[in-house]
Amino acid sequence: MTDWTTLTAPDAARIEAMARDAMAALPPEFATHARDITIHVAEFAPEDVLDELQIDDPFELTGIYDGVPLTEKSVSDQLGQPDIIWLYRRPLLDEWAARGNVTLAELVTHVVTHEMAHHFGWSDDDIASIDRWWE
C-alpha cells in the first residue's frame, strides 16, 4: 500500500517539465513552429483573464494560449511578447484528481495540445474534435 503521508503534489517545475516533454513529442511538422513558444505555470489564472473569459470559478481554466496564431502573423509584424502557453497548476491537479482515469502527464499533454492548436490557428471545430477524442 502507498504511504500517502510522504507524497507531495507536483510543483510548477514538474508540470512545466511534463509540458516540455509533450512539446518535444510533437510531430516534426509541428515541432518547428512550436519551438519558440514559452511555457509558464502559475497556481491559477489571474482575475483579469478569468473576467475576460467570463469564468467565475478559477478551477475551470487549466490552461490558455497567449499570443498571435501563426495564421494571423505577418513578416511586417513588430516583435512583441513571445507566444506563451499558460498552465494553471491547481486546476490541473484538481481535474486530474477528479477524473481518476488519466495520468497527470496525459492531462498536461492534452491541455498543451489544445493550446498549441490555438497557436496553429486551428478552428474551434478542429479543436473540438481533439476534445471529443479526449473525452
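Mapping the sequence shown onto our numbering, position 78 (from 1) lands on 120, and the numbers just tick up by one.
Don't be surprised by glycine CBs; every beta carbon is placed ideally from N, CA and C.
These numbers come from a predicted model, not from an experiment.
Sixteen is the threshold: when 16 or more other Cβ atoms of the shown chains lie within 10 Å of the Cβ of Met60, as they do, the residue is buried. Between Arg131 and Ala84, the CB-CB gap stays under 9 Å. For Ile106, the enclosing beta strand (DSSP E) covers residues Gly105 to Asp108. Pro100 has its alpha-carbon roughly 17 Å from the corresponding atom of Ile127.
Counting along the chain, the unbroken alpha helix (DSSP H) around Thr151 starts and ends at Leu146 to His161. Ala84 sits in a strand when the DSSP states are folded into three classes. Measuring C-alpha to C-alpha distances from Pro69 to each of Asp167, Asp166, Met158 and Asp168 identifies Met158 as the nearest.
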